[in-house]
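These notes concern the structure reproduced below.
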Amino acid sequence: MLRFRFWQWGKWIEVRVDDRLPTRGDRPAHMHCAQPDIFWAALLEKAYAKLYGGYTFLKYGTVGRALQDLTGAVVQSVPPSGPLLGGAVPRSTLLIAISGLEKETKRRRSGLLTEHPYCVTGLARVRANSNDSATHGSGSSGGDTSLIRLRSPWIGGEWGGVWCGAWSERSWEWNALNERDRELLSSRSSNDCEFWMSVNEFLTRFVVIWLAHIGPDDWALEPGLHTRAPWRAALAVRQWRGGFNAGGPHKFIDTTATNPQFRIRVPPGHPSKAHVVVAVAQKYECYRSRNYEDEEIGFTIYEVPPGMQRVTPQYVSEQMPLDFAPLSNLREIATFFALPAGDFVVMPHAAQHREGRFLLRIFADQHTDVWEVNEENLVIHNIAAEFCDERTIDARILYKLRARYPHEIDATQLQAILKAHGGNNRGFRGLGGINCGPSLELCRGMLALRDPALGGRLSIEHVPALIGLMRFWKAAFRRCGPSSSGTATLSRGIWASKVSSYCLRGLLWAGGATASNKVLEALVSRFTRNRQITLEGYLLSMARLHLAHDNSNLTIGNFIDFTQLLGIDYGRPTLRRRYDYVIVGAGPAGSVLAARLTEDPAVTVLLLEAGRAEIPLVSDVPLAAPNLQSTDYNFAYESEPQTRGCLGLWDRKCSWPHGRGIGGSSIINYMIYTRGNRRDYDAWAAAGNPGWSWDEMLPYHIRSERANVRDFDRNGFHGRSGPLSVEDCPFRSKIATTFVESAQRAGYPYLDYNAGDQLGVSFLQANTLQGRRVTSGNAYLYPARKRPNLHILTSAWVTRVLINKANKEATGVVFVRDGKTQSVTARKEVILSAGAFESAKLLMLSGVGPADHLASFRIPVVQNLPVGELLYEHPGVFGPVFIVRQPIDNYVSLDENINFSNIVQYLKGRGVFTTNSVESLMYVKSPVAESPDPGLPDVEIMQAFSSIDFDTGTGTPRAFRLTNATYDGYFRPIMNLRSFQYLPMLMKPYTKGKLRLRSTNPFNHPLFQYRYFEDDRDIEALVYGMQEAIRVTSQEPFRRLGVELYRKQVPGCEQHPFGTHQYWRCHVMTLTATFHHQVATCKMGPPSDPEAVVDHELRVYGVRRLRVVDIGVVPFPPTAHTAAVAFVIGEKAADLVRDAARKEDYRVREKHSSLPVQSARWSPFEWPFK
1 MLRFRFWQWG
11 KWIEVRVDDR
21 LPTRGDRPAH
31 MHCAQPDIFW
41 AALLEKAYAK
51 LYGGYTFLKY
61 GTVGRALQDL
71 TGAVVQSVPP
81 SGPLLGGAVP
91 RSTLLIAISG
101 LEKETKRRRS
111 GLLTEHPYCV
121 TGLARVRANS
131 NDSATHGSGS
141 SGGDTSLIRL
151 RSPWIGGEWG
161 GVWCGAWSER
171 SWEWNALNER
181 DRELLSSRSS
191 NDCEFWMSVN
201 EFLTRFVVIW
211 LAHIGPDDWA
221 LEPGLHTRAP
231 WRAALAVRQW
241 RGGFNAGGPH
251 KFIDTTATNP
261 QFRIRVPPGH
271 PSKAHVVVAV
281 AQKYECYRSR
291 NYEDEEIGFT
301 IYEVPPGMQR
311 VTPQYVSEQM
321 PLDFAPLSNL
331 REIATFFALP
341 AGDFVVMPHA
351 AQHREGRFLL
361 RIFADQHTDV
371 WEVNEENLVI
381 HNIAAEFCDE
391 RTIDARILYK
401 LRARYPHEID
411 ATQLQAILKA
421 HGGNNRGFRG
431 LGGINCGPSL
441 ELCRGMLALR
451 DPALGGRLSI
461 EHVPALIGLM
471 RFWKAAFRRC
481 GPSSSGTATL
491 SRGIWASKVS
501 SYCLRGLLWA
511 GGATASNKVL
521 EALVSRFTRN
531 RQITLEGYLL
541 SMARLHLAHD
551 NSNLTIGNFI
561 DFTQLLGIDY
571 GRPTLRRRYD
581 YVIVGAGPAG
591 SVLAARLTED
601 PAVTVLLLEA
611 GRAEIPLVSD
621 VPLAAPNLQS
631 TDYNFAYESE
641 PQTRGCLGLW
651 DRKCSWPHGR
661 GIGGSSIINY
671 MIYTRGNRRD
681 YDAWAAAGNP
691 GWSWDEMLPY
701 HIRSERANVR
711 DFDRNGFHGR
721 SGPLSVEDCP
731 FRSKIATTFV
741 ESAQRAGYPY
751 LDYNAGDQLG
761 VSFLQANTLQ
771 GRRVTSGNAY
781 LYPARKRPNL
791 HILTSAWVTR
801 VLINKANKEA
811 TGVVFVRDGK
821 TQSVTARKEV
831 ILSAGAFESA
841 KLLMLSGVGP
851 ADHLASFRIP
861 VVQNLPVGEL
871 LYEHPGVFGP
881 VFIVRQPIDN
891 YVSLDENINF
901 SNIVQYLKGR
911 GVFTTNSVES
921 LMYVKSPVAE
931 SPDPGLPDVE
941 IMQAFSSIDF
951 DTGTGTPRAF
961 RLTNATYDGY
971 FRPIMNLRSF
981 QYLPMLMKPY
991 TKGKLRLRST
1001 NPFNHPLFQY
1011 RYFEDDRDIE
1021 ALVYGMQEAI
1031 RVTSQEPFRR
1041 LGVELYRKQV
1051 PGCEQHPFGT
1061 HQYWRCHVMT
1071 LTATFHHQVA
1081 TCKMGPPSDP
1091 EAVVDHELRV
1101 YGVRRLRVVD
1111 IGVVPFPPTA
1121 HTAAVAFVIG
1131 EKAADLVRDA
1141 ARKEDYRVRE
1151 KHSSLPVQSA
1161 RWSPFEWPFK
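Counting from 1, one number per residue, gives the positions in the sequence shown under UniProt numbering.
Dropping the structure here:
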């Protein structure tokens, strides 16, 4: 059997054939070579015929089609020209020239075959002898002549197709050359089927050239490409569907923006333009007749503003495209662009309403980002929550419904209500359709919006809210206008009104939602007919989107509240109208603050938490930490798709877990307790934040801590009577002791990294108590839970801070609990402790943030501050991984260690279940560190007793978003071996990001504009950390254990030799890790700091009685795991708040200069809602 590979539709297809060939007599029936013992061409033809279904089908098609099938190249058809030949041939671009037509004969007198392909194989320039030229009447007069070498596919015979004119084999022109040139050109055309002719003659006798660009580097007429860095290729297979995204060329202004859109971003700062090749190929049929015709395809490219996500109909009507490829029935169209810095959108298209599949290939240099424009499935503006606000419900409507209908109704009864009251009742007016009403399917969908138990029944109290919601969506439907055929008002009235289905994306936006391309396509398929959608179809679409959004990331805990039986009971307080302090968020800082403030029985505090109480049975086991990220204790944030990091993770997104529940992220983190370097705190104070230096913050660390650290608890840096337990991990493997010993041999001192200096190695100090997790909830709130002046309210999602616009004073908050919107006021202060993400988001939703960003969402600006303008992250990497060849213990897999013996050990506070897998830490300083201070490290290396393959289930791979290809290709091969790994983490990154609102819906995640390793020095620092880990592990203590480096290449890095610097860089970008450590979204700083949001007392600039007390205020990325810092921020804030109350100092602090207020601009969509 022989195997051949052909490029088909974006991938290489293998075709297997035997060596038997069809014959006619004693000769092959089809293509064959002149030499009887060469069969490769015939076998290739046989495989090609098998691919297309038979030899007959090889008669059809084009030369370009065959070129692409055989090479996978980008194929271009162009008229012949001299500059084209001069640019393409020297770069070895594959060129096929097609000869022109000639009447009455298939072969010209010149010997050329008409309409036949010839391969261009070379160019030459010669100078003829002037005497010989004059003798033969040549017009060249001894000047230069450009020659081209061609190859005919035929050898000899009647149809040889070899040129017989000037510069052919026996022509007189050769006599005009000197002997050296004749011999040189003769040697270059030694093949019988090759011949020379002049370029001028070639241009008159050949009509088209097919260029096969094997790689972008050989693109014609662009010599500058050869000196550029390696290219990146983006490939996408998509389809056009009528009524959804078959919007046609740019002349169809109303629909062309619905075509698939792909973004090209050329970053600023590069001296030259970015070179980009765009190629669009249509899906073709392998089995087709001569009468088959390709569809017409093309593409349009627009330059767009950086803030615009999607090209919209309004933008198309106002802007001309940067360039476009007109409709053509070629199999593939391709164009080269040299693009300046900026954002561009490519929109492939067919004729309007024509369906079909296409392949898009975009080749760009390595600094250019390419991705598909795709929205998330979001409820941007939670209209449903607003209509469920008890303050907006008309009491008269509710009274009438209670009088006529039972307390709970089903979908049939809801339909009867809408029919009976749709047009007569003032409260229901506007729904229309008195006699017909909505369908039963629509009523079921609307009922499900207010039926979280999925029981098929609805409280009569919720009907007015649904009516209001339907009225709002109907108004949005009407604003988009009728379809081109007019509004169809049929017998069913308003419910059957129609608009074009191409408007559905805009309709969703007008109704307060967005949908991904796949979901939008499904909605179009399900709820539209003949490229039109009715009002009822639109309402069903909105209902489905709301249901999908509300039920995303669900676990069994969303349906059964286990905290009632197994969780810590924090009481069920009766809510008061007013408290002294309202604290939002029961994370480490918020819990500490609430506990400390209520030590005074005269002070009342309401602590609002969006999550639930922790369940010790689930959360207390340290080894189970990765599995907690798959529960509803996790907000489940994700980064945006990355181009230089997270490449081996699902969707190229890193997981950014943040805790949701009493204890915040201390419920789901890895319990590592590191305070940071003394130089961190001193830098905060030096930046204009008095009271935050190391010497001033150390007492707060000591006050919070109850230490049990065997080697260092008597050194004066640890407390022994605080509520927060800090101890050595009870479990310590042979790997940990060997690592600490080897690190000391490598030059790193053994020290207490929580004593202010860190450059060295030590065993892990963790927030555990006898091997069980310690959270801010069970350390601070549990002992205080019965205080009458402390009310802890769980499952309370704060949506807005109430701010008096007249005097810019925070007065309270609005929150949603059990489906009801409520508000509460604060006598003294509102304090946000919701974490680095939610506190910043809540400020912006309340009108405190960058004015231009708030204006884009139509949020009234209360105070213009740089909220979210700064975001730091601690990036890391999984690896390197090592294999232990000697039998040192039994920790090969988790399954083998889930046994009765280890459970008993855990109950006694010992054993493998008491570790989070990290056992010791080493701090190093890389050569690219920003700070010149030799005592300030920038990389932390965590040593784990196992590697990711230890968990043979899905918990750990899912927690870190590892793809199947990554896990199966790298970790699964060592699943039954004793292995361990390191986790280098960059403590001082150069890369910065931003946090933005994704929508005005308070339940939506924010948008993280953070790109991993945007600064290349971050990669270099992590590579240095990996190499230091390898150096330490090469020491004698490890060699005694038979430890060796795991040398399998990470999937995606096979192009780099293992162990090289480029390989480790690829390893970092592929197996990127993250550790819950985002900071600086509400940066603390002096009034002169343009990035500051709060002052050194954590008061929000420009707003009275409002503070932020969480890790978001940290101004720079610390050399710490941020939980320890969050605890002391709460301790410090308690003193600040009590001091302000004692002095009654609630005056507003203004910044020296404010950000400029910019005029409101539209969101990326042109379908706003009110």
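Ideal Cβ placement from N, Cα and C applies to all residues, glycine included. The structure presented is a predicted model; accordingly, all values stated were derived computationally and were not measured.
Integer-rounded CB distance, given that residue j should sit under 8 Å from residue i
i, j, result
"leucine 211", "alanine 88", "6 Å"
"serine 630", "glycine 955", "7 Å"
"threonine 574", "arginine 787", "Their Cβ separation, rounded to whole angstroms, is 15 Å, which puts threonine 574 and arginine 787 out of contact at 8 Å."
"arginine 644", "arginine 1011", "7 Å"
"proline 588", "serine 762", "Contact doesn't hold; Cβ gap of about 23 Å is too wide."
"leucine 983", "glycine 876", "6 Å"
"leucine 539", "methionine 470", "6 Å"
"tyrosine 753", "threonine 674", "6 Å"
DSSP three-state assignment for residue i, whether helix, strand or coil
i, result
"lysine 992", "coil"
"threonine 204", "helix"
"methionine 922", "strand"
"threonine 768", "strand"
"glycine 10", "coil"
"methionine 446", "helix"
"isoleucine 888", "coil"
"cysteine 503", "helix"
"tryptophan 473", "helix"
"proline 875", "strand"
"alanine 625", "helix"
"cysteine 33", "coil"
"threonine 799", "strand"
"threonine 956", "helix"
"histidine 462", "helix"
"alanine 826", "strand"
"arginine 402", "helix"
Residue i to residue j span [Cα, whole Å]
i, j, result
"alanine 364", "arginine 817", "50 Å"
"tyrosine 1024", "arginine 1039", "22 Å"
"tryptophan 12", "glutamine 76", "20 Å"
"threonine 991", "asparagine 902", "43 Å"
"phenylalanine 1058", "glutamate 640", "29 Å"
"glutamate 303", "valine 346", "9 Å"
"asparagine 964", "leucine 802", "47 Å"
"tyrosine 780", "leucine 724", "8 Å"
"arginine 526", "threonine 255", "20 Å"
"valine 1125", "valine 884", "36 Å"
"asparagine 435", "glycine 468", "Summary for asparagine 435: the model assigns pLDDT 42, below 50, so the residue's position carries little reliability; its value from the coordinates is reported in the next sentence. Approximately 20 Å between the Cα atoms of the pair."
"glycine 401", "glutamate 408", "The identity of residue 401 in the sequence shown is leucine, whereas the question assumes glycine. Between leucine 401 and glutamate 408, the C-alpha separation is close to 11 Å."
"arginine 858", "alanine 476", "17 Å"
Give the list of continuous beta strand (DSSP E) stretches no shorter than 3 residues that lie fully inside the segment 674-747.
Within the segment 674-747, complete beta strand (DSSP E) segments of at least 3 residues are found at 705-708, 724-728, given in chain order.
Should the segment 977-997 be called in touch with the segment 1115-1126, which here means at least 3 C-beta pairs below 8 Å?
Yes, since at least three Cβ pairs between the segment 977-997 and the segment 1115-1126 fall closer than 8 Å, the two stretches touch.
In chain order, which beta strand (DSSP E) runs of at least 3 residues are fully inside the segment 1097-1148?
Within the segment 1097-1148, the complete beta strand (DSSP E) runs of at least 3 residues are 1106-1108.
What beta strand (DSSP E) runs, 3 residues minimum, are completely inside the segment 570-598?
Here the runs fully enclosed are 578-584.
Does the segment 917-924 come within contact of the segment 731-745, defined as at least 3 CB pairs closer than 8 Å?
A contact exists between the segment 917-924 and the segment 731-745.
Please determine if the segment 1085-1105 and the segment 664-674 are in contact, where contact requires at least 3 C-beta pairs separated by less than 8 Å.
With the cut-off at 8 Å, the segment 1085-1105 and the segment 664-674 do not touch.
Is the segment 836-849 close to the segment 990-1010, with three or more CB pairs under 8 Å?
Output reads yes: the segment 990-1010 touches the segment 836-849.
Taking 8 Å as the threshold, find out whether the segment 603-622 comes into contact with the segment 935-954 through three or more Cβ pairs.
With the cut-off at 8 Å, the segment 603-622 and the segment 935-954 do not touch.
Restricting to runs no shorter than 4 residues, where is the alpha helix (DSSP H) found entirely within the segment 497-544?
For the segment 497-544, whole alpha helix (DSSP H) runs of length 4 or above, ordered along the chain, are 504-510, 517-527.
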